[in-house]
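The structure appears below as structure tokens.
Protein chains: 2
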Amino acid sequence: MKISGSREGTHWQSCHDCTARGFAICAALNNTELRELAQLSRHVRFESGATVFAQANIATSFFSVHKGILRIYKLLPDSRRQIVSFALPGDFLGLSTLPRHEFSADAIGRVALCQVAKESFATFSENRPRLLCRMMELAGRELARAQEHIVLLGRRSAEEKIASFLIGWRDRLNGIGRDGEILTLPMKRLDIADHLGLTIETVSRTFSKLERGGVIQIFAGGVVLLDAARVESLSAGVS
Amino acid sequence: MKISGSREGTHWQSCHDCTARGFAICAALNNTELRELAQLSRHVRFESGATVFAQANIATSFFSVHKGILRIYKLLPDSRRQIVSFALPGDFLGLSTLPRHEFSADAIGRVALCQVAKESFATFSENRPRLLCRMMELAGRELARAQEHIVLLGRRSAEEKIASFLIGWRDRLNGIGRDGEILTLPMKRLDIADHLGLTIETVSRTFSKLERGGVIQIFAGGVVLLDAARVESLSAGVS
DNA sequence: CGTTGCCTTGAAATGGATCAATTCCGGTGG
DNA sequence: CCACCGGAATTGATCCATTTCAAGGCAACG
Chain A
16 MKISGSREGT HWQSCHDCTA RGFAICAALN NTELRELAQL SRHVRFESGA TVFAQANIAT
76 SFFSVHKGIL RIYKLLPDSR RQIVSFALPG DFLGLSTLPR HEFSADAIGR VALCQVAKES
136 FATFSENRPR LLCRMMELAG RELARAQEHI VLLGRRSAEE KIASFLIGWR DRLNGIGRDG
196 EILTLPMKRL DIADHLGLTI ETVSRTFSKL ERGGVIQIFA GGVVLLDAAR VESLSAGVS
Chain B
16 MKISGSREGT HWQSCHDCTA RGFAICAALN NTELRELAQL SRHVRFESGA TVFAQANIAT
76 SFFSVHKGIL RIYKLLPDSR RQIVSFALPG DFLGLSTLPR HEFSADAIGR VALCQVAKES
136 FATFSENRPR LLCRMMELAG RELARAQEHI VLLGRRSAEE KIASFLIGWR DRLNGIGRDG
196 EILTLPMKRL DIADHLGLTI ETVSRTFSKL ERGGVIQIFA GGVVLLDAAR VESLSAGVS
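Here's what the structure looks like:
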């Protein structure tokens, strides 16, 4: 397993004006605590395509995504791949306290992460119920997303999968301040396919079909939701 | 929404010799705390098929499964159903702190649950980091299971799905003390189908195929793993 | 013993996968 | 500025695993 991240500095210079502050775990901390945690953490960067950690390896650190996007995935022995989720700024990697990584994570484009040793973090959080509650909150959200994805994979058609994915992606981008109907899709078609349980060809065909229907417009690196309401109805939303 | 559970007594008489003690959240509590929590909780029972709570309703309570099995599921508007998971004794329902239920839960056979009002529980857990950590642990496990299920739904064939399901079910039963290669499957074929993203016919056919292959033996209400190693290899396990 | 609710089995239909070319596009070098 | 190259995306033509449609079968129960 190659770890190709460059480590720079021992801790993040400016947690105060961190762009991911607010959505990350840090939101539960006051300034003093923030400074303390900063002492324990280091800031790491990874180039596009680099593997941050791999499935089944001993997990020694937690990460909080600061900038960029990662794909979180599992491989079957015969190299089939399932992308469990995409991690965005503010997402916490390693909520599960199990000793080994449950999945692999690699960078889509350049990413910047805050890394904290598991042990230090455990001691730090031990007597900070507010932080623990915040973690429960993130875990709960993560779980809700996973369950929603289970429905998508188990019971939705290809078109519904794509539509749901677009809506979900839009909502997540909104959540971190990137509003609007112009969606950047930094991941490749193959990533989308492996996320939705489809093949690259089906993803491509479905995008084309939606574009022909005037519902979306495809451009290099993304999509415009010309008719967001239509996309939502195609997604066969919850309840 | 019908709540057809009969409420009996204000709290569970004997948390000490509770059969689910040990795997439930309670494992993180000492005797004093256990007694305190018992004051806040009530013991409820539901008949087979009863709905404990439904998706999108306001969530006022947490539940810990004491006896029996529940199906945890979501419905799409057109009534397609996806069973997200089956809840066993020791499982905690409502880890997500969101105000509304993310899914519906109903009893498969008779069940007994410990119910605690969300608010009381929040105050109780607020200054008990050990309990919060225990919840994180359960949440982490739940999340890991959900992610494993995502792989199953996204990238496995019908036969692999069934085999994985049987192995997973065996392991979970082992976890609560029901060892051995004789698996009781209290849920119906339709439940299995809706859990694995298949149709009832495919489930039935695949079971039959495995039986013809001498890998399992079907009996009313369950299955015997005649060749567990074979089932494991058919499941195309992780990594 | 007839009914009712599951489960199983068979035959036909199909959505998405697979196989096989193209086309598109950003980068690179002449 | 243009030609060329390689990776990604698209498109078309089959194929096939699973669904869908349609009968039975079987055990529990009145």
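Protein sequence lines correspond, in order, to chains A and B.
Take my numbering: the last position of the first sequence gets the number 254, and nothing is skipped along the way.
Take my numbering: the last position of the second sequence gets the number 254, and nothing is skipped along the way.
Glycine included, each C-beta is placed from N, C-alpha and C at the ideal position.
None of the values given here were measured: they were computed from a predicted structure.
Is the CB of residue i under 8 Å away from at least one CB in chain A?
i                : result
GLY183 (chain B) : no
GLY169 (chain B) : yes
PRO144 (chain B) : yes
VAL59 (chain B)  : no
ARG187 (chain B) : no
GLU152 (chain B) : yes
ILE165 (chain B) : yes
LEU158 (chain B) : yes
ALA161 (chain B) : yes
ALA251 (chain B) : yes
PHE141 (chain B) : It should be pointed out that residue 141 (chain B) corresponds to Glu in this sequence rather than to Phe. Judged by the 8 Å Cβ criterion, GLU141 (chain B) is in contact with chain A.
LEU108 (chain B) : no
ARG95 (chain B)  : yes
GLY37 (chain B)  : no
What are the start and end residues of the alpha helix (DSSP H) that includes residue i?
i                : result
HIS164 (chain B) : 144–170
THR217 (chain A) : 215–227
SER79 (chain A)  : Run containing SER79 (chain A): none in the alpha helix (DSSP H); it sits in the beta strand (DSSP E), 76–90.
THR246 (chain A) : The residue asked about is misnamed: residue 246 (chain A) is Val in this sequence, not Thr. Here the alpha helix (DSSP H) through VAL246 (chain A) covers 243–249.
Can you name the start and end residues of the beta strand (DSSP E) that residue i belongs to?
i                : result
ALA9 (chain B)   : What is shown of chain B runs 16 to 254, which leaves residue 9 (chain B) out entirely.
ALA53 (chain A)  : Looking at the DSSP string, ALA53 (chain A) is not in any beta strand (DSSP E); the run it does join, the alpha helix (DSSP H), is 46–55.
LEU240 (chain A) : 237–240
SER100 (chain B) : 96–102
GLN232 (chain B) : 231–234
PHE264 (chain A) : A query on residue 264 (chain A) cannot be resolved here, the shown segment of chain A reaching from 16 to 254 and no further.
At a Cβ threshold of 8 Å, is residue i touching chain B?
i                : result
CYS41 (chain A)  : no
THR34 (chain A)  : no
VAL131 (chain A) : no
GLU134 (chain A) : no
LEU44 (chain A)  : no
LEU103 (chain A) : no
ALA127 (chain A) : no
GLY192 (chain A) : no
GLN54 (chain A)  : no
CYS148 (chain A) : yes
Are there 16 or more other CB atoms within 10 angstroms of the CB of residue i, so buried, or fewer, so exposed?
i                : result
HIS31 (chain A)  : exposed
LYS176 (chain A) : buried
SER19 (chain B)  : Confidence is the limiting factor: at SER19 (chain B) the pLDDT is only 44, short of 50, which leaves the residue's position unreliable, though a coordinate-based value still follows. So SER19 (chain B) ends up on the exposed side.
GLN130 (chain A) : buried
GLY212 (chain B) : buried
GLN162 (chain B) : buried
GLY169 (chain A) : buried
PHE234 (chain B) : exposed
LYS203 (chain A) : exposed
PRO104 (chain B) : buried
At 3 residues or longer, what runs of the beta strand (DSSP E) sit wholly inside the region 176–212 of chain A? At a cut-off of 3 residues, the continuous stretches assigned as beta strand (DSSP E) that sit fully inside the region 176–212 of chain A are 197–199.
Can you pull out the residues from the region 110–125 of chain B whose beta carbon lies closer than 9 Å to at least one beta carbon of chain A? Residues are counted here when their Cβ sits less than 9 Å from a Cβ of chain A; for the region 110–125 of chain B these are LEU110, SER111, THR112, LEU113, GLU117, PHE118, given in chain order.
Chain-ordered residues of the region 64–90 of chain B with a beta carbon less than 8 Å from chain A: Taking 8 Å as the Cβ-Cβ cut-off against chain A, the residues of the region 64–90 of chain B that qualify are GLN70, ALA71, LYS89, LEU90.
Residues of the region 201–219 of chain A with a CB closer than 7 Å to any CB of chain B: list them in chain order, please. Listed in sequence order: GLY212.
At a Cβ cut of 8 Å, what residues of the region 226–249 of chain A count as close to chain B, listed as they run along the chain? Of all residues in the region 226–249 of chain A, none has a Cβ within less than 8 Å of some Cβ in chain B.
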